[in-house]
Amino acid sequence: LYQHSPCWGLCSFDPFCITIRAYAALANAEECFSIVVQDNPGLSATKRLPVLEHKGNFISQEKILSYFEMKLELGLDADLSDMEKAEVFAIKSLIESKLYYYMLYFWFQDDNYREITRNLYTSTLVFPVSQVQMFLYQRSVIDQLEALHIDDDASVIQQATDIYQCLSTLLGSNAYFYGSKPSSLDAVVFGHLSAQLYAPMPKHSLREEVQKFDNLVQFVERNAQIVFGHVPDVEKEQKRLVEKRESSRKFWRNVLFSVGSVGIIFLIVTNINKEPRVME
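Quick note: the sequence shown, position 215, residue 215 per UniProt numbering, numbers continuous.
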C-alpha cells in the first residue's frame, strides 16, 4: 500500500490513507500488505494516494475498498442489509464529496497552509520536485474549491455541522454505526474525522465543530486505539510545532545577525586599511 507520510501520531495525514489503514485494522488484515510511504501520487491515474499494488496491478484510491471486498474477501459489509448498504454508499459519498473538501478549505487557508499544509505533501520529496508538486496541488485544490463554490467560513461550518449531526444521530450510543460490528462506513468516518480532530492547524479547521459531538469524539478515540495504538494528543503536537517554528526563527535570526556582523567588521577593516588620500 502506497500512502502519504505519517504525522501527528496518525498513520497518515491523509483521510483516504487513514481510511484504508482503518479498514484493514477493523478487518484484522493488517498483515496482508506492507506499507510504503510515497508522497508522490504519480502511481495513480487520478494523481491521488493511497494506491494498492497487488499482483502487478495498481488499484487507485476510490477502488481499494471494493477490491478488498471482491478480490481479497476482506468485506466488512457482508452482514448488512441491502438498505443499510445503500445508506453506507450515500453517506460515504457525502463525506468524500463534501466533508473532505470542507476540511481542505480550512487546511489551505493562509495561516494553516503556510505553517502546516504546504509541508505535508512534500516531506519525502527532494527540491525542486517538492516545490513544483506542491504548487500544482495547491492550484488544483483551489480550482476544485472554486468549482464547488466553497468560499465562505460560516457556510462551510454550517454544512459540515449538518453532516456531523447526521453521523452523530446514526451512531447514537453504538460502538459502530451498525451495532457491535464494524462496517466500511466506520473506516471512512474514522479516516476523515481523525484527520479533522488531530490536525494541529494554528487557525480554525473543523476540530471545534467535531468536538461538539461527544459520541463522535469517543468513536474516534476508541478506533484510534485500534488503528494507531494510541489516542493522538493534538494540544501536545501544537505545542511541539510552535516550539519548532520558534527554534527555526531563532536560528535564522542568529544566522542573519552573524552574517551582518561579519559584513560590518569587513567594512571597518577595509576602511582602516585604506591608504589615506594625499591632498594636493
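Every residue gets a Cβ at the ideal spot worked out from N, C-alpha and C, and that includes glycine. Computed from a predicted model, the values in this text were never measured in an experiment.
At the level of alpha carbons, what is the spacing between residue i and residue j?
i: ILE157; j: ILE264; result: 53 Å
i: PRO182; j: ASP79; result: 10 Å
i: TYR102; j: HIS149; result: 11 Å
i: ASN112; j: ASP153; result: 14 Å
i: TYR176; j: ALA160; result: 21 Å
i: TYR100; j: LEU241; result: 24 Å
i: SER205; j: ALA195; result: 10 Å
i: GLU62; j: PHE68; result: 12 Å
i: GLU208; j: THR270; result: 60 Å
i: LEU72; j: CYS32; result: 9 Å
i: PHE106; j: ILE91; result: 22 Å
i: LYS212; j: LYS203; result: 18 Å
i: LEU120; j: MET70; result: 32 Å
i: TYR178; j: CYS17; result: 23 Å
i: LEU193; j: PRO15; result: 8 Å
i: LEU1; j: SER34; result: 6 Å
i: SER66; j: TYR164; result: 25 Å
i: THR117; j: ILE272; result: 51 Å
i: ASP82; j: GLU115; result: 45 Å
i: GLN225; j: GLN109; result: 31 Å
i: SER97; j: SER155; result: 16 Å
i: SER180; j: PRO232; result: 24 Å
i: GLU243; j: GLY9; result: 17 Å
So who's on the other strand from residue i, going by DSSP bridges?
i: CYS7; result: LEU10
i: TYR2; result: VAL36, VAL51
Run the CB neighbour count on residue i, radius 10 Å, all protein chains shown included, and call it buried at 16 or more, exposed below.
i: SER184; result: buried
i: VAL51; result: buried
i: PHE89; result: exposed
i: SER12; result: buried
i: HIS230; result: exposed
i: GLY191; result: buried
i: ALA86; result: exposed
i: SER5; result: buried
i: CYS166; result: exposed
i: ALA147; result: exposed
i: ILE95; result: buried
i: VAL36; result: exposed
i: ILE268; result: exposed
i: GLN3; result: buried
Regarding residue i and the ligand PLP, is the C-beta to nearest heavy atom distance less than 6 Å?
i: PHE213; result: Looking for the ligand PLP in the displayed structure turns up nothing, as the structure carries no ligands at all.
Whole beta strand (DSSP E) runs in the stretch 22-102 with 3 or more residues, listed along the chain?
52-54, 57-59
**Item:** the stretch 210-230 / the stretch 48-67 touching (three or more Cβ pairs under 8 Å)
**Value:** no
* Between the stretch 26-35 and the stretch 78-95, do three or more beta carbon pairs fall short of 8 Å? -> no
With three or more C-beta pairs closer than 8 Å as the rule, is the stretch 168-178 touching the stretch 127-134?
no
Practice task
Could you name each continuous alpha helix (DSSP H) segment of 4 residues or more that falls completely within the stretch 173-215, going from the start of the chain to the end?
Solution key: 184-198, 207-210
Can at least three beta-carbon pairs, one atom from the stretch 136-143 and one from the stretch 192-199, be found at a separation below 8 Å?
no
Q.
Any contact between the stretch 232-242 and the stretch 11-26? By contact I mean 3 or more CB pairs, one from each, below 8 Å.
A. no
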